[in-house]
Amino acid sequence: MSADSYNAIKYGVGGHYAYHYDVVAPNGATVGDRVYAQDLKRVATWINYLSDVDAGGDTIFPKLNVAIKPMKGAALFWYNLKASGYVDMYTLHGGCPVLVGAKWIATKWILDARQEFRKPCALDHDQYNLLDKYLRTSFNMKQLMCIFVIFFLPINIFVNCFDANFSKLGTSLYIENFLIKNYVNKYVESEEQRLSQLRQLSQQLLVLNEITAKDVDTYLGHPIGVYLLIKRMVNEWQEIQQFITTDRQWLRSLSDQMTNLKLIYTHDLTKAARGISRLLRAYPLDIQLLATGLIKYNTNDKQLLFRNILSDTNLTASDCYLIGKQSYDYKDYNHSIQWLEVALMSADNGVNGVSDELRADILQYLSLSYYKIHDYNRAMDFMIQSIFKNPNSKHKHSKELTLKLMKMKDEYNFENQTEEEIHKQSHGNKFTAHVRDLCRGHISLDQSIRFQLKCYHLNTTEIPFLRLNRIKVEEMYKRPDIVVIHDFISEQEIQTIRLLVQLSHQHSSHDSNTLLADVSQLNNTNHPVLRGVTQRISAITGLNLRQLSDYHVFKYNIGGHYAIHYDALPPANATITDDVYAVDMNRVATYMIYLSDVSAGGLTVFPYLNVTITPTKGSALFWYNLKSSGLIDMRTLHTGCPVLVGSKLVATKWIPESGQEFSKSCALQKHQDHLLENKL
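Structure, rendered in structure tokens:
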């Protein structure tokens, strides 16, 4: 039997494997197509489950509506190829995210080589391989798999936990033990009288370390356990450093060891809090129970309960405040209010000696959260309580928000406003609501407009570069033309671009109300794939792309968005009815390539046109920002809606106006639109 090596894979909390085939099928192939594998010709797949999973982690076949729950010691087997050699398109499968615990599997992919006499080719194209004999050898599967996993299998581990990876956390437990025994205790012994508090703290940490180290996988399989571990390594170690500030040489030595061994730092605690906030978007968990370390999770047939192994360690008021603040920063105000109310309840119960300053901060963010959901009475009540609790607060929002709340009645008393102010305020509120409804998919194009739209193949007979290609175009709007080019880019090209992004040195992270994303720049000429994609864009659009214009690759994680904007910058205060030229970023057109699907959210929306585009991996979106006369087309205002689930990766090329004199000549009529040519 010719086969790949075993691949042992560990999935931690959130670990998953997206839908895929174990063989590489041609792009665009669907169920019913008769196609051969282009690569990875694996005739069958055998998965050994090496562990049970507390919650989540099912193996699913979406086209068959089949879900298999991992059971330790069991194995899963299927054929990827039919007896004729065609790819069985029903074998699309994926591994669901692990909610609690960890999932271990060992996978063997069985290649089609040397199967000629064991599984001969069938004459019937749709005949399936059938299991024609049973395993007759009796052996202990659990013992055999243990031997293979420990001694023979090449192990690839894929773990993802709130942006702080499990391998780093597991190693940190041993690092913590090393630092305590080899640095802290030695220092305490040399400074016994002065550092008695440090000795007591050291012993407490060591006890916690030993308890958690006994069952690392279980501890790190619980989201609250992960958060508390990171918190311990951040806060307690900072406290230790403060205790020994009088001995600079010892402090320097300890700091160097912590740096060299990559112990967890403060920003990891913020990321862990953000991770818990994100988890609540995916699973309907009870926040009050979660704060006590208890997860109540309902499946189709039963209810499961999971508790942190350190049962007496709950989230404190400070923890709940931090997670609530992260939810607020993500504009998830309902979850923010729930976390902050739990924090306030913990503070009022006198847990852990909460300071008036922290209590005031909790009250202020509660006020802000209620203000954001327009519950102004509660916002005012919590702000007044905050001021009484800490009159000297320098919170950046308190003074501004208090003044707003005090004037709220006057602000919304239309009798005291001019007609122009009323129109401006009403228009602004309606427009924001309109954009939000578009992002949620509540608004669609009028039927009269939709009936005019069509799909077609681009006429490539006069385009040598595309003559052998079938370019599939779907119209999303007419005048201005907005189109989607389907199957524009291949999976191999996408993976190459992803790799180039990882290798790129031009990275920037944006975290603002305008843009929340990681952005990388890729030069046109740095790689043959980029040069080929650019040439294809030029051939499809008929535009000259010889002018150097980098690709901007945007990665939007959960909550990532791009606020409403123009790709060609109009003068300030210009409206949709104005005839204006760009004052900057004179981009004649935009070509946006979707490099990933998005599980939920992340639509591209044109609010003036009621056009919404769902990101589809491999497709591209194209439109003109300027009319033929050079005026900005003010109808092209657009936005990237927030990503609710998953992530979104797009590569955008803004095509400059310069160099298009002979490709797109100026129109004689001022309001004439650019129109797509080369249609059938």
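Residue 523 in our numbering is what sits at position 519 of the sequence shown, and the numbering runs on without skipping anything.
Here a beta-carbon is modelled for each residue, glycine too, at the ideal position from N, C-alpha and C.
This structure is a prediction, so every number in the text was calculated from the model and none was measured.
ask   = Secondary structure at HIS378, three-state DSSP: helix, strand or coil?
value = coil
query = Which residues bound the beta strand (DSSP E) around GLU2?
reply = No statement about residue 2 is possible, as the shown extent of the chain runs from 5 to 684 and does not include it.
task = Alpha carbon to alpha carbon, how far is VAL57 from GLY546? Give it in angstroms, no decimals.
result = Computed Cα separation, rounded: 54 Å.
query = Could you give the distance in angstroms between the alpha-carbon of LEU212 and the alpha-carbon of PRO74?
reply = In this model, LEU212 and PRO74 are separated by some 31 Å (Cα to Cα).
inquiry  = Count Cβ pairs between the stretch 61 to 73 and the stretch 115 to 124 that sit closer than 8 Å; are there 3 or more?
reply    = Touching, no, given that fewer than three Cβ pairs across the two stretches are closer than 8 Å.
ask   = Do you know offhand how far ASN629's Cα is from HIS339's?
value = Taking the straight line from one Cα to the other gives about 39 Å.
query = Roughly how many angstroms lie between the CA atoms of TYR15 and TRP108, to the nearest whole one?
reply = 7 Å
query = Can you find at least 3 beta carbon pairs, one from the stretch 465 to 479 and one from the stretch 634 to 653, that sit closer than 8 Å?
reply = no
query = If ARG597 and ALA655 are in contact, beta carbons under 8 Å, what's the gap, nearest whole angstrom?
reply = Per the sequence presented here, residue 597 reads as Ile, with Arg not at that position. About 4 Å separates the beta carbons of ILE597 and ALA655, which is inside the 8 Å limit, making them a contact pair.
ask   = With DSSP run on the structure shown, which of helix, strand or coil describes HIS24?
value = strand
message = Could you tell me the alpha carbon to alpha carbon distance between ASN52 and SER88, rounded to whole angstroms?
response = 27 Å
query = At what residues does the beta strand (DSSP E) containing MET596 begin and finish?
reply = 591 to 598
task = Go through its chain and collect everything with a Cβ distance to PHE81's Cβ below 6 Å, but skip five positions before and after it.
result = TRP50
key: Whole-angstrom distance between LEU298 and LYS473, CA atom to CA atom   = Checking the sequence shown, residue 473 turns out to be Asn, not Lys. Distance between the alpha carbons of ASN473 and LEU298: 56 Å.
message = In this structure, how does DSSP classify ILE467 when only helix, strand and coil are distinguished?
response = coil
request  = Starting from ASN528, trace the beta strand (DSSP E) both ways and give me its first and last residue.
outcome  = Careful: ASN528 lies outside any beta strand (DSSP E) and carries neither H nor E.
query = Cβ atoms of TYR337 and ILE391: under 8 Å apart, would you say?
reply = no
ask   = Does the distance from the CB of ILE498 to the CB of GLY622 come in under 8 Å?
value = yes
task = Name the two residues that bound the continuous alpha helix (DSSP H) containing THR690.
result = Nothing can be reported for residue 690: it is not among the residues displayed for the chain, which extend from 5 to 684.
query = Taking all protein chains shown into account, do 16 or more other C-beta atoms lie within 10 angstroms of the C-beta of GLN342, making it buried, or fewer, making it exposed?
reply = buried
ask   = So, using beta-carbon positions, are VAL609 and VAL439 closer together than 8 Å?
value = yes
message = Measuring alpha carbon to alpha carbon, tell me which residue in HIS490, PHE492, ASN527 is nearest LEU507.
response = ASN527
key: Buried or exposed by the 16-neighbour rule on C-beta atoms within 10 Å, applied to TYR2   = Nothing can be reported for residue 2, as the shown portion of the chain is limited to 5 through 684.
key: Counterpart residues of VAL91 in DSSP-defined beta bridges   = LEU85
task = Tell me whether HIS24 is buried or exposed, calling it buried when 16 or more other Cβ atoms sit within 10 Å of its Cβ.
result = exposed
key: Buried or exposed (CB count within 10 angstroms, at least 16 for buried), ASP323   = buried
request  = Inspect the beta-carbon positions of GLY98 and TYR21 and report whether they are closer than 8 Å.
outcome  = For GLY98 and TYR21, yes; Cβs fall inside 8 Å.
Residues that ARG46 bridges to, as DSSP identifies them = LEU115
ask   = If you draw a straight line from the alpha carbon of ALA29 to that of VAL91, how long is it in whole angstroms?
value = Cα to Cα, ALA29 sits roughly 7 Å from VAL91.
key: Which of helix, strand or coil DSSP assigns to THR643   = strand
task = Taking only the alpha-carbon atoms, compute the straight-line gap between GLN204 and VAL505 and give it to the nearest angstrom.
result = Inter-residue distance for GLN204 and VAL505 is about 48 Å (C-alpha atoms, whole angstroms).
query = How far does the alpha helix (DSSP H) with ASP333 in it reach, from first residue to last?
reply = 321 to 333
query = When burial is assigned at 16 or more other CB atoms within 10 Å of the CB, is LYS235 buried or exposed?
reply = It is buried - the Cβ of LYS235 has at least 16 other Cβ atoms within 10 Å.
key: Simplified DSSP assignment, three categories, for ASN189   = helix
query = Leaving out the 5 sequence neighbours to the left and right, which residues in its chain are closer than 7 Å to GLN664 when beta-carbon positions are compared?
reply = LEU547, ASN548, VAL592
task = May I ask you to report which of helix, strand or coil DSSP gives ASP491?
result = coil
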